[in-house]
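Encoded as C-alpha cells, the structure appears first; notes follow it.
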Amino acid sequence: MASALAMICLDAVAADEVPPSARRVHDEALVLDTHLDTPANFRRPGWNIADNHEHEGDLSQVDLPRMKAGGLDGGFWVIYTAQGARDVDGKRAARDHGLDRLVSIHEMLAANAGEMELALTADDAERIGRAGKRVSFISMENAAPLASDPSLLTAYHRLGLRMLGITHVRNNDFGDSSTDPAGAEWNGLSPAGRHLVEEANRLGIVLDASHASDTVFDQLLTLSKAPIVLSHTSADALYDHARNIDDSRIRQLASKGGVIHVNAFGGYLIDIPKIPEREAAMDALGEKYGPENRLATDRVTAYLAERRAIEARYPVKRATFENYMAHLLHILKVAGVDHVGIGADWDGGGGVTGMEDVSALPRITDALLAAGYTEQDVRKIWSGNLLRVIREAQAIASAER
Ligand SMILES: [Zn+2]
71 MASALAMICL DAVAADEVPP SARRVHDEAL VLDTHLDTPA NFRRPGWNIA DNHEHEGDLS
131 QVDLPRMKAG GLDGGFWVIY TAQGARDVDG KRAARDHGLD RLVSIHEMLA ANAGEMELAL
191 TADDAERIGR AGKRVSFISM ENAAPLASDP SLLTAYHRLG LRMLGITHVR NNDFGDSSTD
251 PAGAEWNGLS PAGRHLVEEA NRLGIVLDAS HASDTVFDQL LTLSKAPIVL SHTSADALYD
311 HARNIDDSRI RQLASKGGVI HVNAFGGYLI DIPKIPEREA AMDALGEKYG PENRLATDRV
371 TAYLAERRAI EARYPVKRAT FENYMAHLLH ILKVAGVDHV GIGADWDGGG GVTGMEDVSA
431 LPRITDALLA AGYTEQDVRK IWSGNLLRVI REAQAIASAE R
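Just so we're aligned: 221 in the working numbering is position 151 of the sequence shown, and the numbers increase by one with no gaps anywhere.
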C-alpha cells in the first residue's frame with residue numbers, strides 16, 4: 071500500500087510537471103478518445119460520473135472532474151458486450167444487454183445535460199467542444215447484440231451509434247476474432263458480417279477492426295466504401311501479439327484514409343508473463359465479489375484490500391508511460407501523422423504506470439511536442455483525423471441515398 075501511494079504522488083507530480091506551453095496546446099486542441107469503456111460503471115451502485123473518484127480508490131479512470139483535469143473533451147462511450155453463448159438464449163441475452171447499455175448512456179447524458187451532449191456528426195463534436203461540454207459519441211464493441219436481428223442496426227443508428235466493432239475476444243456470428251483459441255471460423259467475415267459492413271456504410275457508421283482477426287481487417291479494408299478505424303490497437307513491431315497490428319497493415323490502413331487509435335492496455339504493450347497462482351487467486355476474488363463494475367461503493371475498500379494482497383504476493387511487471395509512447399511514436403512514423411489517434415481503453419483495462427487515468431492525458435501532448443510534432447499535428451492526433459473519417463463515412467452514406 072505504501073509503495074502504491076508513493077507511486078500516485080510521483081504520477082501526480084509528473085502530470086503537474088507538464089509545462090504551461092504544452093498544457094496550452096493540449097487545452098486548445100479538441101481532445102477525443104475513441105474507446106471509453108466507462109459505461110461499464112454506469113450501473114455500478116453508488117457510482118456517479120459527475121463525482122470525482124480516484125483510480126486507487128475504486129479503479130475507475132474516467133469521470134467528469136477528471137475529464138476536465140486532463141483536458142479530455144470526450145470521445146466514444148462504448149456499448150461493450152462480452153461474447154456469450156451463440157444459441158437463441160445467448161443471442162437474446164446479448165441483445166438485451168446491448169439495449170440496456172445504450173439506455174444507460176442516454177440516461178447518463180440526460181442526467182448531465184448541462185455538461186455533456188450527444189454527438190452525431192463531426193460538426194456536432196466541434197460545436198459541443200467549443201461550448202465547453204463533453205463530446206459524447208456512441209460506439210459498439212462486439213456486434214453480438216445484433217446477432218438475433220441485424221436490422222437492429224438502424225435503430226441503434228437512430229439512437230446515436232456512429233462506430234461499430236465487429237468482434238471482441240471470441241469469434242461471433244459476424245466474423246473471426248484475433249484471439250479466439252479455436253482459431254478462424256469464417257475465414258474472416260461471415261455472410262452476415264459482410265451484410266453488416268454494407269449496412270454500416272449505408273448508414274454512415276464507422277467500422278472498427280480492433281479485436282477482429284487480420285483477415286477481417288483485410289476484408290474490411292477491401293469491402294468498406296468508407297475509411298475504417300482501429301479504435302484501440304497497438305503495434306506488433308514493438309510487441310508481437312494477436313491483438314496488435316503489423317506495420318504493413320498499418321500502411322494499408324493509412325493508404326485507404328483510415329486511422330489507428332493507439333491503445334494503452336498494458337498486456338498488449340509489453341510481454342507480461344502470467345503467474346498461474348495469481349490468476350487463480352484473482353479468479354477466486356472475482357467469484358467472491360462479482361464483477362468490479364457491479365461492486366457497490368461500500369464494498370470497494372474490502373475488495374481492494376484483498377486484491378492488493380494478491381498483487382503484493384504475486385507481483386507482475388507493469389507497462390509504463392514510456393512503453394505507451396514507444397508504440398504511439400512508432401505508429402506515427404509508420405502510418406504518418408494524418409492516420410493516428412488515441413484510444414487508450416479507459417475503464418476497459420487501459421492505463422499504465424505514469425498515466426493511470428485521464429487526468430494524466432496532457433503528458434501525451436507534452437511527449438508529442440518533445441518528439442518534434444507540431445501543434446497542428448497534435449490537433450490531428452487528438453481528433454482531427456477521427457473527425458475526417460466520420461465526415462467521410464457520413465458523406466459516402468448520404469451520397470448513396
Ligand atoms: Zn477492447
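All residues carry an ideal CB built from backbone N, CA and C; glycine is no exception.
- Query: Three-state secondary structure (DSSP) at residue 400?
  - Reply: Taking the sequence shown and counting its residues from 1, one reaches residue 400 at position 330. Here residue 400 sits in helix by DSSP.
- Item | Closest residue to residue 231 among 405, 207 and 271 (Cα-Cα distance) | Locating residue 231 in the sequence shown gives position 161, where the first residue counts as 1. Taking only the C-alpha atoms, the option nearest residue 231 is 207.
- Could you check where the alpha helix (DSSP H) with residue 460 kicks off and where it finishes? Counting from 1 along the sequence shown, the entry for residue 460 is found at position 390. 455-470 is the extent of the alpha helix (DSSP H) around residue 460.
- For residue 472: DSSP bridge partner residues: In the structure as shown, the chain begins at 71 and stops at 471. Residue 472 is therefore absent and cannot be evaluated.
- Using DSSP bridges, identify the partner residues of residue 305. As a position in the sequence shown, residue 305 is number 235, starting the count at 1. Bridge partners of residue 305: 315.
- Item | Rounded C-alpha distance that separates residue 73 from residue 239 | The sequence position of residue 73 within the sequence shown is 3, counting from 1. The sequence position of residue 239 within the sequence shown is 169, counting from 1. For residue 73, the predicted structure reports a pLDDT of 39, less than 50, and the residue's modelled location is therefore unreliable. A value from the coordinates is still provided. When rounded, the distance between both Cα atoms is 33 angstroms.
- Query: What separation, rounded to the nearest whole angstrom, lies between the Cα atoms of residue 320 and residue 371?
  - Reply: Taking the first residue of the sequence shown as position 1, residue 320 is located at position 250. Taking the first residue of the sequence shown as position 1, residue 371 is located at position 301. If you take the alpha carbons of residue 320 and residue 371, they lie about 43 angstroms apart.
- Task: List the residues that DSSP assigns as beta-bridge partners of residue 335.
- Result: Residue 335 sits at position 265 when you count from the first residue of the sequence shown. In DSSP, residue 335 forms a bridge with 420.
- Whose C-alpha, out of 355, 431 and 229, is nearest the C-alpha of residue 93? Walking along the sequence shown from the start, residue 93 turns up at place 23. Selected option, being the one with the closest Cα: 431.
- Task: Inspect the beta-carbon positions of residue 410 and residue 390 and report whether they are closer than 7 angstroms.
- Result: For this step, residue 410 is matched to residue 340 along the sequence shown. For this step, residue 390 is matched to residue 320 along the sequence shown. Not a contact, by the Cβ cut-off of 7 angstroms.
- Task: Keeping to the same chain, check which residues put their C-beta closer than 7 angstroms to that of residue 311; ignore five residues upstream and five downstream.
- Result: Here the question's residue 311 lines up with position 241 in the sequence shown. 338.
- What residue does the alpha helix (DSSP H) around residue 160 start on, and which one ends it? As a working note, residue 160 is residue 90 in the sequence shown. Segment 158-181, the alpha helix (DSSP H) holding residue 160.
- Message: The alpha helix (DSSP H) that contains residue 226, what's its start and end?
- Response: Residue numbering aside, residue 226 sits at position 156 when the sequence shown is read from its first letter. Note, residue 226: alpha helix (DSSP H), 222-228.
- Query: Under the rule that 16 or more other beta-carbon atoms within 10 Å means buried, what is residue 98, buried or exposed?
  - Reply: As a working mapping, residue 98 is identified with position 28 in the sequence shown. Counting Cβ neighbours within 10 Å, residue 98 comes out exposed, since fewer than 16 surround it.
- With a floor of 4 residues, list each alpha helix (DSSP H) that falls wholly inside the segment 347-388, ordered by position along the chain. Listed in chain order, the complete alpha helix (DSSP H) runs (minimum 4 residues) inside the segment 347-388 are 367-383.
- Label residue 433 either buried or exposed according to how many other C-beta atoms from any shown protein chain fall within 10 Å of its C-beta, with 16 as the threshold for buried. Along the sequence shown, read from residue 1 onward, the residue named residue 433 stands at position 363. Flag for residue 433 reads buried.
- So what does DSSP say about residue 405, is it helix, strand or coil? Taking the sequence shown and counting its residues from 1, the one referred to as residue 405 is at position 335. In this structure, residue 405 counts as helix in the three-state DSSP scheme.
- Task: Would you identify the three-state DSSP class for residue 149, choosing helix, strand or coil?
- Result: Along the sequence shown, one-based indexing puts residue 149 at 79. Three-state result, residue 149: strand.
- Message: On the DSSP bridge list, what partners appear for residue 235?
- Response: Working through the sequence shown from its first residue, we reach residue 235 at position 165. Paired residues: 211 and 278.
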